[in-house]
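Line by line, the protein sequences give chains A and B. So for the first sequence, this note's numbering puts the first residue at 1; every next one is plus one. So for the second sequence, this note's numbering puts the first residue at 1; every next one is plus one. Beta carbons are placed, not taken as given, at the ideal position from N, Cα and C, and that holds for glycine. Taking it in order: structure first as structure tokens, then the write-up.
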Amino acid sequence: MAAITERVTLAHRQAPSYRGIWAWIASVDHKKIGIMYIYAALFFMAFGGAEALLVRIQLWQPNNHVVSAETFNQLFTMHGVTMIFLVAMPILIGYINAIVPLQIGARDVAFPRMNSLSLWLFVLGGLFMYTSWFMGGAPDAGWFNYVPLSGGHFSPGAGVDFYDIGLQITGIGTLMTAINFLVTILNMRAPGMRLLRMPMFTWSALITMLLILFAFPPITVNLILQMMDRLFHANFFNIPLGGNALLWQNLFWIFGHPEVYIVILPAFGIISEIIPTFSRKPLFGYESMALALSVIAFLSFMVWTHHMFADGLGPIVNTIFAITSMLIAVPTGIKIFNWLATLWGGQIRFTTANLYALSFIPLFVIGGISGVMLAMAPADLQYNDSYFVVAHFHYVLFGGTLMAALAGLYFWFPRIWGRLLSERLGRWNFWLVFVGFNVTFFPMHILGLEGMPRRISTYAPGYGWTTPNQIATIGAFILLAGMLVLLYNLISTFLRKPDLEQDPWDGRSLEWSIPSPTPEYNFAQVPLIEDRDAYWVAKRQGKELPKAEPLGPIHMPSPSLSPFFLALTIVIAGYGALLHVDWLALIALLAAFWQIGLQLVHEDHGYHVHPDVPAGGAAE
Amino acid sequence: MSAHSETTRIAIAHETSQELGLPKDHRILGIWIFLAGECAFFASLIGSYLGLHLGVAHGPTGAQIFDLPLTTVATLILLTSSLTVVLGVAAMQRRDVRGMQLWLWLTALLGLFFLEFQGYEFYTFYHGGLTLQTSAFGSAFFTLTGFHGLHVAFGVFWILLLLFQSMKHGINEDRTTKVFVMSLYWHFVDVVWVVIFTLVYLAGKVG
Ligand SMILES: [Cu+2]
Chain A
1 MAAITERVTL AHRQAPSYRG IWAWIASVDH KKIGIMYIYA ALFFMAFGGA EALLVRIQLW
61 QPNNHVVSAE TFNQLFTMHG VTMIFLVAMP ILIGYINAIV PLQIGARDVA FPRMNSLSLW
121 LFVLGGLFMY TSWFMGGAPD AGWFNYVPLS GGHFSPGAGV DFYDIGLQIT GIGTLMTAIN
181 FLVTILNMRA PGMRLLRMPM FTWSALITML LILFAFPPIT VNLILQMMDR LFHANFFNIP
241 LGGNALLWQN LFWIFGHPEV YIVILPAFGI ISEIIPTFSR KPLFGYESMA LALSVIAFLS
301 FMVWTHHMFA DGLGPIVNTI FAITSMLIAV PTGIKIFNWL ATLWGGQIRF TTANLYALSF
361 IPLFVIGGIS GVMLAMAPAD LQYNDSYFVV AHFHYVLFGG TLMAALAGLY FWFPRIWGRL
421 LSERLGRWNF WLVFVGFNVT FFPMHILGLE GMPRRISTYA PGYGWTTPNQ IATIGAFILL
481 AGMLVLLYNL ISTFLRKPDL EQDPWDGRSL EWSIPSPTPE YNFAQVPLIE DRDAYWVAKR
541 QGKELPKAEP LGPIHMPSPS LSPFFLALTI VIAGYGALLH VDWLALIALL AAFWQIGLQL
601 VHEDHGYHVH PDVPAGGAAE
Chain B
1 MSAHSETTRI AIAHETSQEL GLPKDHRILG IWIFLAGECA FFASLIGSYL GLHLGVAHGP
61 TGAQIFDLPL TTVATLILLT SSLTVVLGVA AMQRRDVRGM QLWLWLTALL GLFFLEFQGY
121 EFYTFYHGGL TLQTSAFGSA FFTLTGFHGL HVAFGVFWIL LLLFQSMKHG INEDRTTKVF
181 VMSLYWHFVD VVWVVIFTLV YLAGKVG
């Protein structure tokens with residue numbers, strides 16, 4: 001009898017198990033969530049890339065009419081929105097999910113179910129925005145969506161509503177990621193891992209999450225205000241009834257400038273992991289790197305007006321913001337010199353990951369220099385709204401963020417997927433992307449200086465714009481070839497048997513100290529950290545990492561479908577509001593609050609796993 | 001590795017984690033960080049209001065329409081609810097479950113009273129000629145106070161869920177943290193109201 005009762009209790013405590021696709025949807029494991037973030041980001045990248053190619057085809061020659069002007073507006077708007085919100089941020093958040101808990105010696109994130117909710121808000125919110133193409137047209141007022149162009153008068157279709165509501169949905173998810181990883185990094189580090197012993201990628205994640213925490217609320221408010229204007233006829237941006245168009249610009253760029261650091265700081269973090277690893281040297285100037293990240297984050301909140309120099313805010317405002325903008329070059333320069341000093345005298349290995357990381361440095365410097373040129377307020381009036389700006393931000397966002405993201409993909413692939421990507425294909429992939437990128441975007445500097453405005457759907461002959469445009473379009477197809485090689489590399493690697501090499505690069509941080517594939521509990525025993533680069537130091541001394549706890553059963557959180565359904569409910573509320581089906585919006589919103597309430601009183605007992613004892617045998 | 005050094009290390013590890021002096025429960029740090037984000041949210045809303053409150057078009061101004069005695073009573077009610085939630089948490093820490101429930105019921109009730117006042121205020125303003133569509137001032141006023149009201153309403157809902165949970169299953173360490181986290185949220189919502197009362201109503205009546 002007693003035995004039966006016991007079995008019943010155990011069964012009650014057993015985690016619900018899901019099969020097939022549901023196992024992924026219900027997963028609260030940071031590793032699986034990270035993988036799904038990366039897959040979804042690559043999926044959206046295909047769409048964002050296709051939009052860019054159509055833009056480049058349209059601009060191939062003067063008076064071209066491959067797409068209409070209306071379609072062209074939708075293409076460049078969705079290209080920008082996709083690449084920033086659905087590719088750059090999610091792929092970096094994917095790496096942060098997959099790697100940061102491992103780097104700090106944690107078994108999961110602080111709020112695993114909330115992590116799943118973040119993922120699904122991003123995925124479903126992104127798909128929501130993409131359905132706009134079939135529902136009357138995509139957003140078409142540019143990625144920064146200025147009023148009055150984006151107002152009901154000039155954008156009567158639903159496109160901008162998709163932008164307003166879709167970005168609110170994905171934004172809530174991003175905000176929850178920030179809360180989750182701030183608590184994870186501050187509270188869940190392995191014993192002995194002080195802040196100044198954390199790997200630089202984790203540092204960059206910490207600072208990025210702080211930026212998200214304070215940058216996303218202003219854009220959320222901005223989106224809410226515009227939604228009120230467009231759906232409920234409020235007057236925030238309606239000038240005749242007292243509204244103010246500059247309010248949109250201010251709130252947008254108070255978010256928008258930190259946003260560029262939200263997508264570049266983790267890239268800095270990736271580069272700071274890869275360059276030391278492939279130079280076999282510790283990161284030069286570790287403390288100054290961490291300090292530079294913090295100073296950049298602080299300054300990034302006081303430069304937003306440099307996007308508004310042409311508004312006529314007056315010489316005092318422009319001067320102040322020009323100076324703060326240029327100040328950011330100082331901590332950024334420190335980082336560049338530290339990477340160069342790390343390479344100095346190192347035994348450099350030119351793997352694909354390192355090729356991408358090394359190319360990041362000059363490309364980002366070019367983008368940084370054109371950035372300082374743009375920060376000079378009087379000169380900016382010349383560059384403003386020209387292709388020079390387009391060249392600048394592609395050098396930092398593609399040459400910076402995406403090059404680092406691809407470096408990270410090759411570097412962490414064996415940790416995340418237990419396989420090494422082909423280095424031979426990797427080289428083809430790298431050189432095609434590197435050449436294609438420069439051929440596409442370098443001529444845009446010249447186009448801008450020759451006066452070609454951005455966002456025009458076509459141009460007349462005789463301005464000297466044709467040749468640079470054709471070079472850029474050819475470059476875009478070289479880029480496409482490079483990305484197809486990457487796709488082929490990914491597919492052929494997935495078709496191979498996993499090699500399950502634990503530490504293929506002679507890594508430095510804790511993610512390489514555990515077996516491959518990574519066990520679901522990450523660490524059978526949480527390590528005790530006594531150094532910066534503790535794993536690398538232990539390897540050099542021929543020792544094992546010391547353990548901070550005895551071997552024993554490990555508590556794991558239960559999988560759950562509720563985050564997915566909550567995200568789905570919120571998206572349904574979005575459709576309800578957008579289609580003016582008010583009862584649907586109201587019911588879905590109430591259902592969402594009901595589910596949030598249930599999550600707040602939810603009690604998850606989780607389950608226990610018994611770790612496999614490693615072959616070497618762990619100390620009892 | 002000898003068993004001895006292993007135990008020493010584990011002892012050291014334990015010491016180090018205590019040295020860090022970090023809260024044991026992630027939810028408490030989590031709610032503080034969430035509230036920091038909420039500060040940025042309300043700062044943006046209040047900033048928008050301050051930027052737009054003179055844009056009254058042909059509608060009434062704040063000085064014309066605000067009913068200060070009414071709002072003062074509402075403010076006092078909400079501030080009292082901060083006191084009752086403190087008394088509820090104090091009772092919970094004395095393991096006085098009934099006391100806790102009593103004070104939480106009272107808190108929820110005060111929250112509902114506040115919403116009642118807000119509903120009445122919106123109703124009179126509507127009939128006094130100020131709606132969301134009247135002017136930028138109207139849009140900013142209803143959006144700001146409306147979002148605050150939604151926060152109060154969600155807080156009431158949260159308190160009720162915790163009350164039902166404690167009545168059904170009693171209280172344990174986990175649920176204690178849940179109540180504590182909610183109380184921090186509740187205080188935050190009250191503090192935001194003090195800021196709104198000062199910057200919107202008091203300053204609006206003067207200016
Ligand atoms: Cu900027």
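Would you report the Cα separation of residue i and residue j, rounded to the nearest angstrom?
i	j	result
A/Ile361	B/Asp190	49 Å
B/Phe157	B/His151	10 Å
A/Lys512	A/Trp339	One point to set straight first is that residue 512 of chain A is Trp, not Lys, in the sequence displayed. Roughly 22 Å separates the two Cα atoms.
B/Tyr201	A/Tyr18	54 Å
A/Pro266	A/Leu92	7 Å
A/Val81	A/Ile323	29 Å
A/Ser359	A/Pro414	22 Å
A/His12	A/Arg113	Residue confidence is low: A/His12 scores 40 on pLDDT, short of 50, so the model does not pin down where it sits. Its coordinate-derived value is still stated next. Distance between the alpha carbons of A/His12 and A/Arg113 is about 20 Å.
B/Phe42	A/Ile254	14 Å
A/Leu225	A/Ser370	34 Å
A/Gly159	A/Gly166	10 Å
A/Ser150	A/Ala141	6 Å
B/Val86	B/Ser183	7 Å
What in chain A is Cβ-close to residue i, meaning under 8 Å?
i	result
B/Ser135	Asn235, Leu241 and Gly242
B/Lys178	Leu600 and Val601
Find the residues of chain B that neighbour residue i, judging by a C-beta separation of less than 9 Å, and give them in chain order.
i	result
A/Ala110	His26, Arg27, Leu29 and Gly30
Mapping the DSSP letters down to three states, classify residue i as helix, strand or coil.
i	result
A/Ile587	helix
A/Val609	strand
A/Ser132	helix
B/Ser135	coil
B/Met182	helix
A/Lys31	helix
A/Ser17	coil
A/Ile554	strand
A/Pro378	helix
A/Lys539	helix
A/Lys547	strand
A/Pro527	strand
A/Pro453	strand
A/Ser386	strand
A/Val581	coil
A/Lys281	coil
B/Thr61	coil
Going along the chain, which residues of its own chain have a beta-carbon closer than 7 Å to the beta-carbon of residue i, five neighbours each way excluded?
i	result
B/Gly155	Gly111, Tyr185, Trp186 and Val189
A/Lys543	none
A/Leu327	Leu299
A/His241	For the record, residue 241 of chain A in the displayed sequence is Leu; it is not His. Once the five neighbours on either side are set aside, the close Cβ partners of A/Leu241 are Asn235.
B/Val192	Phe42 and His148
Ordered along the chain, which non-local residues of its own chain (more than five positions away) have a Cβ less than 8 Å from that of residue i?
i	result
A/Leu313	Thr305
B/Met167	Gln101
A/Asn244	Phe236 and Phe237
Near residue i, which residues of its chain fall below 6 Å by C-beta distance, leaving aside the five closest residues on each side in sequence?
i	result
A/Phe564	Ile25 and Trp120
B/Ser82	His187 and Asp190
A/Ala52	His79
A/Asp531	Val537
A/Ala292	Pro331, Ile334 and Lys335
Can you list the residues of chain B that residue i reaches, using a CB-CB cut of under 8 Å?
i	result
A/Ile179	Gly30, Ile33, Phe34 and Gly37
A/Met89	What A/Met89 touches in chain B: nothing, since even the nearest Cβ is about 17 Å away.
A/Val28	Ordered by position in chain B, no residue passes the 8 Å Cβ test against A/Val28, which lies about 14 Å from the chain.
A/Met621	This structure does not reach residue 621 of chain A, given that chain A is present from 1 up to 620, and the question cannot be answered.
Residues of chain B with CB under 7 Å from residue i, in chain order?
i	result
A/Glu603	Asp174
A/Pro217	Gly37, Ala40, Phe41 and Ser44
A/Val221	Phe41, Ser44, Leu45 and Ser48
Please compile the residues from chain A whose C-beta is within a distance smaller than 7 Å of the C-beta of residue i.
i	result
B/Gly62	Simply none; closest approach about 12 Å.
B/Gln165	Val601
B/Leu184	What B/Leu184 touches in chain A: nothing, since even the nearest Cβ is about 13 Å away.
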